[in-house]
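Enquirer:
Number of protein chains: 2
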Amino acid sequence: MTRAPYLRLPKPRPGAQDAHESLPAFVAERLREAILAGTIPPGALLRQEDVAGRLGVSRPPVREALKQLETEGLAQYRPRRGYVVAALDPADIAEIFEIRALFEERIGQAAALHRTEEDLVALDAEILAMEALPAGTPEGGRAFGLHNRRFHDRIRAASGMRVMGELLGVLANRVERYIRLGGRLANSREQVNREHRDILAALRDGDGQRLGLLLRLHVHDAGARLLRSLKER
Amino acid sequence: MTRAPYLRLPKPRPGAQDAHESLPAFVAERLREAILAGTIPPGALLRQEDVAGRLGVSRPPVREALKQLETEGLAQYRPRRGYVVAALDPADIAEIFEIRALFEERIGQAAALHRTEEDLVALDAEILAMEALPAGTPEGGRAFGLHNRRFHDRIRAASGMRVMGELLGVLANRVERYIRLGGRLANSREQVNREHRDILAALRDGDGQRLGLLLRLHVHDAGARLLRSLKER
DNA sequence: GTCCAGCATTTTGAATTCAATTTTGCCATG
DNA sequence: CATGGCAAAATTGAATTCAAAATGCTGGAC
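Structure representation (structure tokens):
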């Protein structure tokens, strides 16, 4: 067999930031994206050779990436049998939204104490961006989701709750696939915008109790809508 | 160089259960234990060659194990620099105990609805075992910790909250090192036993509100004691 | 005496290679 | 025709090998 050249990541420019820090991280990101988008359906086998060939790397980094996806809950490992894309029990989905609601309530209470003027300005900008988006288009939906995520990320950052933030990130990944699958769960975008306005007002007032309550209900509603949407299939 | 023999795990007997399912899992477990016991202090570099040599394996499985410990929050990775044992911010410790309190409250509410007669019997047995343990000895302390863990695990299992259980396992690992370091945080073992009795009574009555409250305070107290103990250094 | 530069060594990153298990397809048998 | 077993192929598991980057050390210059 011919000696294949020593393949490496494209050398990043000194200041370049988009290059990945390691091949496993690169592989994990691509796989994660494919799983969340539904390109690789739940239950599918993740053959190491396949993945490696598709991404132009060898198997060892793929193994490391799969190991990481396993601890993230996106893949399941069976010894000597390989990795499969994890399926999620509806009960687990409901529980994840419960956890998110619990965390968001606590985050709201903390954020009301620590928010800065810059936080308020940034959050206002996100709301304005969401209100300005067109209603029916797919790109509009994607952009809305992005701003929505940034809105909640900002509140979370202001709260200083780092561990909760980390866990929320992992949990969000686990349910993201079903959110995309569940179609427009933001059927009442106007209501979401109203709730965001209320949330911002409570944050400005420093009313932690009210903010926590609003956030909890906000997340709870989203979860209830998703579960209802999934049940209809 | 002489060709080293192809090293493998000791072949498990057909029915043997103690053998590990894979080398990475084996390495991860040994490393985790060493980190939690404090044998490897926070900030220490985890040299792949060292670890591999010490455990009699090669580097690839060590890399996979380190990747897993990273996502568990026990190790930190810096590209091209290697892995170091993660240090925990006191603020993170406090937050982890807050999360545990949050989860335990919710778990209590659910457990009160779903507990079976067998659960009550098993929990009673654990309490009796804890009450029968001698006070001052180190073995007594370890045994107490074990039964205490089983006590709470049983309630958690009865609640049916799988995701919370999974997350609690990871979080418990992260703070375990500091619990062992903090010495006898169970200085008031009698009080813990009393609280366990109250918890069991509320569970038997099916009083979810009260059970949740008791569990929340139970965990909160443990966290407060640990933080106080750590601050005294 | 101190600081900086260049080289050697160490350590990580990733690919190839080899062994063992599992799975699959085929053939024989009931 | 169905089922069980056997053999071959495919796939995972793990070690070795080779390349690149980071670290440390030494020597020289200021």
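In order, the protein sequences belong to chains A and B.
Be aware that the first sequence starts at 1, since it is given in UniProt numbering, and climbs by one per residue.
Be aware that the second sequence starts at 1, since it is given in UniProt numbering, and climbs by one per residue.
Even glycine gets a Cβ: it sits at the ideal position worked out from N, Cα and C.
1) From Phe26(A) to Pro61(A), what does the alpha carbon distance come to, in whole angstroms?
2) Which first and last residues belong to the alpha helix (DSSP H) in which Arg80(A) is found?
3) Please list, in chain order, the residues of the stretch 33 to 45 of chain A that have any C-beta partner in chain B closer than 9 Å.
4) Taking the C-alpha atoms as reference points, what is the distance between Ala4(A) and Val57(A)?
5) Could you tell me the distance, in whole angstroms, from the CA atom of Ala112(A) to the CA atom of Gly212(A)?
6) Could you name the residues of chain B that Ile96(A) contacts, counting a contact when the two beta carbons are closer than 7 Å?
7) Measuring alpha carbon to alpha carbon, tell me which of Gln209(A), Leu133(A), Ala143(A), Arg204(A) ends up nearest Leu118(A).
8) Compare the beta carbon distance of Leu36(B) and Glu190(B) with 7 Å and say whether it is the shorter of the two.
9) Just list the beta strand (DSSP E) runs in the stretch 19 to 105 of chain A, keeping only unbroken ones of 3 residues or longer that don't cross its boundaries, in chain order.
10) Are three or more beta carbon pairs between the stretch 44 to 57 of chain A and the stretch 48 to 57 of chain B nearer than 8 Å?
11) I want to verify the contact list: residues of chain B whose CB lies under 7 Å from the CB of Leu167(A), in sequence order.
12) In whole angstroms, what separates the C-alpha of Val170(B) from that of Glu232(A)?
13) Considering only the alpha carbon of each residue, which of Asn148(B), Leu120(B), Lys67(B) lies closest to Leu133(B)?
14) Using a C-beta to C-beta distance shorter than 8 Å, which residues of chain A count as neighbours of residue 234(B)?
15) Can you pull the chain A residues whose beta carbon is under 9 Å from the beta carbon of Ser229(B), in chain order?
16) For the stretch 76 to 95 of chain A against the stretch 75 to 95 of chain B, do three or more pairs of beta-carbon atoms, one drawn from each stretch, fall closer than 8 Å, so that the two count as touching?
17) Does Thr71(A) have its Cβ less than 7 Å from a Cβ in chain B?
18) Please classify Asp18(B) as buried or exposed, where buried requires at least 16 neighbouring CB atoms within 10 angstroms.
19) Below 7 Å CB to CB, which residues in the same chain sit around Leu66(B) once its five sequence neighbours on both sides are set aside?
20) Under the three-state reduction of DSSP, which class applies to Gly182(A): helix, strand or coil?
21) In the DSSP assignment, find the alpha helix (DSSP H) that holds Asp198(B) and state where it starts and stops.
22) Within a Cβ cutoff of 7 Å, which residues of the same chain sit near Tyr178(A), ignoring the five residues on either side of it in sequence?
23) So with Cβ pairs under 7 Å, would you call Ser22(A) a contact of chain B?
24) Which one of Gln48(B), Ala222(B), Arg115(B), Glu49(B) has the shortest CA to CA distance from Gly145(B)?
25) Could you check whether Ala101(B) and Val219(B) sit closer than 7 Å to each other, using their CB atoms as the reference points?
26) In the stretch 100 to 162 of chain B, which residue ranges form an unbroken alpha helix (DSSP H) of at least 4 residues, counting only runs that do not cross its ends?
27) Does DSSP classify Lys11(B) as helix, strand or coil?
28) Shorter than 7 Å from the beta carbon of Leu211(A) to some beta carbon of chain B?
29) Would you check if the distance between the CB atom of Leu200(B) and the CB atom of Leu123(B) is smaller than 7 Å?
30) Where does the unbroken alpha helix (DSSP H) through Arg225(A) begin, and where does it stop?
31) Determine whether the Cβ of Leu102(B) lies closer than 7 Å to any Cβ atom of chain A.
32) Along the stretch 137 to 152 of chain A, what residues have a CB closer than 7 Å to any CB found in chain B?
33) Straight-line CA distance for Arg228(B) to Arg180(B)?
34) Could you give the distance in angstroms between the alpha-carbon of Gly182(A) and the alpha-carbon of Pro42(A)?
35) Which residue's Cα is closest to the Cα of Glu98(B): Asp207(A), Leu217(A), Val163(A)?
36) Taking only beta carbons into account, state which residues of the stretch 49 to 60 of chain A come closer than 9 Å to chain B, listed in chain order.
Expert: A quick look at the data gives this:
1) As a working mapping, residue 26(A) is identified with position 26 in the first sequence. As a working mapping, residue 61(A) is identified with position 61 in the first sequence. If you draw a straight line from the Cα of Phe26(A) to the Cα of Pro61(A), it is about 9 Å long.
2) Within the first sequence, numbered from 1, the residue matching residue 80(A) stands at position 80. Segment: none, Arg80(A) is in no alpha helix (DSSP H) and carries neither H nor E.
3) none
4) Within the first sequence, numbered from 1, the residue matching residue 4(A) stands at position 4. Within the first sequence, numbered from 1, the residue matching residue 57(A) stands at position 57. Confidence at Ala4(A) is low in this model, with a pLDDT of 34, below 50, so its placement is unreliable and the value that follows should be read with caution. Roughly 11 Å between the two C-alpha positions.
5) Residue numbering aside, residue 112(A) sits at position 112 when the first sequence is read from its first letter. Residue numbering aside, residue 212(A) sits at position 212 when the first sequence is read from its first letter. Cα-Cα distance, rounded: 9 Å.
6) Stepping through the first sequence from its first residue, residue 96(A) is reached at position 96. Residues of chain B with a Cβ closer than 7 Å to the Cβ of Ile96(A) are, in chain order, Val163.
7) Sequence index remark: in the first sequence, residue 118(A) carries index 118 (1-based). According to the sequence shown, residue 118(A) is Glu rather than Leu. Ranking Gln209(A), Leu133(A), Ala143(A), Arg204(A) by Cα distance to Glu118(A) puts Arg204(A) first.
8) Here residue 36(B) refers to the residue found at position 36 when the second sequence is read from its first residue. Here residue 190(B) refers to the residue found at position 190 when the second sequence is read from its first residue. Contact flag unset, no.
9) 75 to 78, 82 to 85
10) Touching, no, given that fewer than three Cβ pairs across the two stretches are closer than 8 Å.
11) Here residue 167(A) refers to the residue found at position 167 when the first sequence is read from its first residue. Per Cβ cutoff of 7 Å: Leu167.
12) Stepping through the second sequence from its first residue, residue 170(B) is reached at position 170. Stepping through the first sequence from its first residue, residue 232(A) is reached at position 232. Using only the alpha carbons, I get a separation of about 34 Å.
13) Residue mapping note: residue 133(B) aligns to position 133 of the second sequence, counting from 1. Among Asn148(B), Leu120(B), Lys67(B), the Cα nearest to that of Leu133(B) is on Asn148(B).
14) Residue 234(B) lies beyond the stretch modelled for chain B, which goes from 1 to 233, so this question has no answer here.
15) Against the second sequence, residue 229(B) aligns to sequence position 229. For Ser229(B), there are no neighbours in chain A by C-beta distance under 9 Å, as the nearest C-beta there is about 20 Å away.
16) no
17) As a position in the first sequence, residue 71(A) is number 71, starting the count at 1. Taking Cβ atoms only, chain B reaches closer than 7 Å to Thr71(A), which makes this a yes.
18) One-based indexing of the second sequence puts residue 18(B) at position 18. Annotation note: pLDDT 35 at Asp18(B) (below 50); position unreliable, coordinate value reported separately. That one is exposed.
19) The sequence position of residue 66(B) within the second sequence is 66, counting from 1. Answer for Leu66(B): Leu46, Ala75, Tyr83, listed in chain order.
20) For the purposes of this step, residue 182(A) is taken as the residue at position 182 of the first sequence. If DSSP states are grouped into helix, strand and coil, Gly182(A) belongs with coil.
21) For the purposes of this step, residue 198(B) is identified with residue 198 of the second sequence, where counting begins at 1. Residues 189 to 205.
22) Taking the first residue of the first sequence as position 1, residue 178(A) is located at position 178. Excluding the 5 residues flanking it on each side, Tyr178(A) has same chain C-beta neighbours closer than 7 Å at Leu88, Ile93, Leu226, Leu230, in chain order.
23) Taking the first residue of the first sequence as position 1, residue 22(A) is located at position 22. Yes, Ser22(A) counts as interfacial toward chain B.
24) For the purposes of this step, residue 145(B) is taken as residue 145 along the second sequence, with counting starting at 1. Out of Gln48(B), Ala222(B), Arg115(B), Glu49(B), Ala222(B) has the C-alpha closest to the C-alpha of Gly145(B).
25) As a working mapping, residue 219(B) is identified with position 219 in the second sequence. As a working mapping, residue 101(B) is identified with position 101 in the second sequence. Yes, the pair counts as a contact, with Cβ atoms nearer than the cut-off.
26) Counting only runs of at least 4 residues, the stretch 100 to 162 of chain B fully encloses the following alpha helix (DSSP H) elements, listed from N- to C-terminal order: 117 to 132, 138 to 159.
27) For the purposes of this step, residue 11(B) is taken as the residue at position 11 of the second sequence. Since pLDDT at Lys11(B) reaches only 36, below the 50 mark, its modelled position is unreliable, and the value read off the structure follows with that caveat. Note: Lys11(B) maps to coil in three-state DSSP.
28) Numbered from 1 along the first sequence, position 211 holds the residue referred to as residue 211(A). No - not a single Cβ of chain B is within 7 Å of the one on Leu211(A).
29) Here residue 200(B) refers to the residue found at position 200 when the second sequence is read from its first residue. Here residue 123(B) refers to the residue found at position 123 when the second sequence is read from its first residue. Their beta carbons are under 7 Å apart, which means Leu200(B) touches Leu123(B) by this criterion.
30) Taking the first residue of the first sequence as position 1, residue 225(A) is located at position 225. Its alpha helix (DSSP H) spans residues 208 to 231.
31) Position 102 of the second sequence, counting from 1, holds the residue named residue 102(B). Cβ-Cβ to chain A under 7 Å: yes for Leu102(B).
32) Flagged: no residues at all.
33) Indexing the second sequence from 1 puts residue 228(B) at position 228. Indexing the second sequence from 1 puts residue 180(B) at position 180. If I take the Cα positions, the gap works out to 14 Å.
34) Position 182 of the first sequence holds residue 182(A). Position 42 of the first sequence holds residue 42(A). Rounded to whole angstroms, the separation of the alpha carbons of Pro42(A) and Gly182(A) is 15 Å.
35) As a first step, residue 98(B) is located in the second sequence; it is residue number 98 there, counting from the start. Considering only alpha carbons, the answer is Val163(A).
36) Listed in sequence order: Pro60.
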